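Residue numbers (UniProt numbering): 1 to 542.
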């Protein structure tokens with residue numbers, strides 16, 4: 001069993017490879033590029049001794065690669081990736097390996113808990129099946145916060161269960177430290193605030209409320225996390241596009257109808273039945289009269305493992321915060337409670353085996369679950385933007401304008417940052433340069449109403465290359481997409497179409513979907529100077 005974490009890591013890496021993660025770009029999710037570029041920025045700050053003040057460095061980096069999102073998200077993932085790059089080098093592959101490490105560590109932690117609470121084979125079952133679930137695979141194919149925050153939420157939950165037994169300051173601080181790390185990875189980890197009260201209510205250990213060590217953990221979380229969230233409260237939008245944060249009841253109703261079913265769909269029918277049986281066995285079933293009673297002096301925490309109430313509290317907390325905080329409605333948020341559901345499923349299957357089911361039930365259950373649930377997430381495959389970045393790197397075109405949706409813009413910015421002699425190119429996003437709007441895309445107004453005004457802008461910066469993406473969904477197309485393409489096609493004196501590229505999105509290939517236009521060189525042109533003052537004015541939001 002000592003090699004089990006390595007076997008889990010091998011499984012995670014294999015599933016990434018089978019799913020095409022290492023052959024894909026940064027278009028698996030619209031937020032993926034922002035996480036990667038943010039981590040590259042932190043890495044570059046660490047390796048440049050003369051980088052200067054962090055804020056000034058970040059502003060300059062963002063001007064070149066406008067997909068930095070530290071502040072919108074907490075910094076732990078980006079910091080860990082930056083440190084990892086110091087060892088492995090900056091690349092998408094190295095970032096994905098670290099994501100696989102996070103996923104495998106979660107599986108190993110689940111296996112250790114199941115081995116102690118149930119049996120060694122239950123641990124292998126829980127970890128191996130967890131990594132093979134489609135939602136886990138999808139999250140393993142992108143460079144995002146999901147796996148790290150899931151690992152830290154699970155670790156802090158189990159740490160609280162340990163504290164509930166030991167009541168020691170060391171375990172309280174362990175819980176506080178892990179919870180702080182989770183919260184500094186993603187704001188949804190504030191769900192851990194629900195774990196202590198729910199565990200206390202489920203176990204009847206009310207005396208924990210007056211244990212100063214519990215409040216020591218809370219003080220630690222407050223000291224480490226609250227300053228960050230206060231300092232960045234104006235940097236993060238209070239809701240996602242399409243969600244009305246002023247109508248919390250409507251959002252709660254929509255989220256409460258979606259997320260529980262999304263979590264059950266993520267584990268499938270067979271595991272849902274086993275998980276329900278596990279909840280009954282570990283938390284609801286009365287102990288058998290024939291069982292040996294615990295000593296009279298034993299507390300209720302000693303009579304029944306605190307891990308099961310803690311895991312239930314973890315799942316409840318995750319569901320509650322996703323239903324209350326209007327951060328979007330996506331199935332990926334349910335990854336954070338999958339370890340609890342899988343462990344309860346392992347408990348249910350363990351109970352069946354101990355009640356006379358054959359030992360082969362473990363293998364049979366795993367096969368049934370994977371036959372009904374397992375598939376490689378082909379829809380996560382995306383590529384083509386890296387080839388565009390590679391070709392443009394050989395051109396004397398330091399200023400590029402990207403015309404696409406959020407997924408395409410991010411893919412291009414990340415690909416350019418990865419191949420660039422940072423900082424060199426300026427990758428300008430059309431969604432930020434050509435329209436004026438707030439963080440949520442509200443109040444959108446075109447900055448340049450006429451072709452002449454847009455041409456003057458291209459000359460004033462100046463822009464030397466324009467990348468136009470036709471692979472975007474129809475509902476993502478904006479008026480300036482067609483406006484600038486018509487301008488370039490009509491101005492053949494100054495612009496020429498350099499090449500067309502095939503793009504893969506959602507696992508589907510779009511031939512000749514991206515056109516690249518280059519400014520025609522003119523005799524006597526001197527080295528161009530970027531008009532940073534003008535560009536800075538255009539980049540400001542409302």
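Cβ atoms here follow ideal geometry from the backbone N, Cα and C, with glycine treated the same way.
Note that the structure is predicted; figures quoted are calculated from it, not measured.
Query raised in the report: If you pair each beta-carbon of the stretch 2-12 with each one of the stretch 71-90, do three or more pairs fall below 8 Å?
Result: Counting Cβ pairs under 8 Å, fewer than three are found: no touch.
Requested in this report: Using three-state DSSP, classify residue 504 as helix, strand or coil.
Outcome: Three-state DSSP puts residue 504 in a strand.
Query raised in the report: Could you check where the alpha helix (DSSP H) with residue 433 kicks off and where it finishes?
Result: 430-433
Query raised in the report: Relative to the ligand SAH, is the shortest distance from any of its heavy atoms to the C-beta of residue 334 smaller than 6 Å?
Result: Of ligands this structure carries none, so the ligand SAH is not represented either.
Query raised in the report: How many Å lie between residue 44 and residue 454 at the Cα?
Result: Looking at the backbone, the Cα of residue 44 and that of residue 454 are separated by about 34 Å.
Query raised in the report: Between which two residues does the beta strand (DSSP E) carrying residue 403 extend?
Result: 399-403
Requested in this report: Could you pull the start and end residues of the beta strand (DSSP E) that residue 469 belongs to?
Outcome: 465-469
Requested in this report: Less than 8 Å between the CB atoms is what I'm expecting for residue 319 and residue 340, so what's the real figure, rounded?
Outcome: At roughly 11 Å, the Cβ-Cβ gap does not stay under 8 Å, so residue 319 and residue 340 are not in contact.
Requested in this report: Select from 16, 68, 28, 391 the residue whose C-alpha is nearest the C-alpha of residue 507.
Outcome: 28
Query - Straight-line Cα distance separating residue 264 from residue 200 - result: 26 Å
**Report entry** Selected residue, minimal CA-CA separation from residue 195, among 175, 186, 184, 187
**Finding:** 175
Requested in this report: Just grab the DSSP bridge partners of residue 497 for me.
Outcome: 517
Query raised in the report: Smallest Cα separation from residue 133: which of 406, 15, 280?
Result: 15
Query raised in the report: If we ignore side chains and look at the alpha-carbon of each, how far apart do residue 61 and residue 158 end up?
Result: 39 Å
Query raised in the report: Opposite residue 427 in the DSSP bridges: which residues?
Result: 400
Report task. Indicate the three-state DSSP secondary structure (helix, strand or coil) for residue 301 in the structure shown. Result -> Unreliable positioning characterises residue 301 in this predicted model, as indicated by a pLDDT of 43, which lies under 50. The coordinate reading is nonetheless provided below. If DSSP states are grouped into helix, strand and coil, residue 301 belongs with the helices.
Requested in this report: Specify the secondary structure class of residue 383 as computed by DSSP and reduced to three states.
Outcome: strand
Report task. If I'm right that residue 349 touches residue 274 with Cβ under 8 Å, what's the distance once you round it to whole angstroms? Result -> With 8 Å as the limit, residue 349 and residue 274 qualify as a contact, their Cβ atoms being about 5 Å apart.
Report task. Under 7 Å Cβ to Cβ from residue 546, same chain only, skipping five residues before and after it: list those, please. Result -> The chain is shown from 1 up to 542; residue 546 falls before or after that span and cannot be answered.
Report task. Spatial neighbours of residue 338 within its chain, please: CB distance less than 8 Å, with the 5 preceding and 5 following residues excluded, ordered by chain position. Result -> Short of 8 Å from the beta carbon of residue 338, and not among the five residues preceding or following it, lie these beta carbons of its own chain, in chain order: 130, 133, 135, 136, 150, 263, 266, 267.
Requested in this report: Could you please give the first and the last residue of the uninterrupted alpha helix (DSSP H) stretch that includes residue 321?
Outcome: 307-324
Query raised in the report: Curious, which full-length alpha helix (DSSP H) runs of at least 4 residues does the UniProt domain "Glycosyltransferase RgtA/B/C/D-like" (74-228) contain?
Result: 76-88, 92-117, 120-132, 134-140, 146-166, 169-183, 195-203
Requested in this report: Drop a sphere of 10 angstroms on the beta-carbon of residue 146, count the other beta-carbons inside from all chains shown, and report buried for 16 or more, exposed for fewer.
Outcome: buried
Report task. List the whole-angstrom C-beta distance separating residue 404 from residue 321, where the pair is believed to meet the contact cut-off of C-beta under 8 Å. Result -> That belief does not hold up - the Cβ atoms of residue 404 and residue 321 are roughly 32 Å apart, past 8 Å.
Query raised in the report: Does the distance from the CB of residue 71 to the CB of residue 232 come in under 7 Å?
Result: yes
Query raised in the report: Within 10 angstroms of its Cβ, does residue 212 collect 16 or more other Cβ (buried), or is it exposed?
Result: So residue 212 ends up on the exposed side.
Query raised in the report: Would you call the CB atoms of residue 417 and residue 101 closer than 7 Å?
Result: No.
Query raised in the report: To the nearest angstrom, how far is it from the Cα of residue 445 to the Cα of residue 435?
Result: Distance between the alpha carbons of residue 445 and residue 435: 5 Å.
**Report entry** Simplified DSSP state of residue 510, which is helix, strand or coil
**Finding:** Correct three-state label for residue 510: strand.
Report task. Under 6 Å Cβ to Cβ from residue 510, same chain only, skipping five residues before and after it: list those, please. Result -> 471, 503
Report task. Could you tell me whether the Cβ atoms of residue 402 and residue 384 are closer together than 7 Å? Result -> no
Query - Beta-carbon contacts of residue 494 that lie in its chain and below 7 Å, excluding the five residues immediately before and after - result: 519, 520, listed in sequence order.
**Report entry** residue 39 (DSSP reduced to helix, strand or coil)
**Finding:** It is helical.
Query raised in the report: Are the beta-carbon atoms belonging to residue 216 and residue 172 less than 7 Å from one another?
Result: yes
Report task. Tell me whether residue 99 is buried or exposed, calling it buried when 16 or more other Cβ atoms sit within 10 Å of its Cβ. Result -> Residue 99 comes out buried.
Query raised in the report: Exposed or buried, what is residue 143 when buried is set at 16 or more other beta-carbons lying within 10 Å of its beta-carbon?
Result: buried
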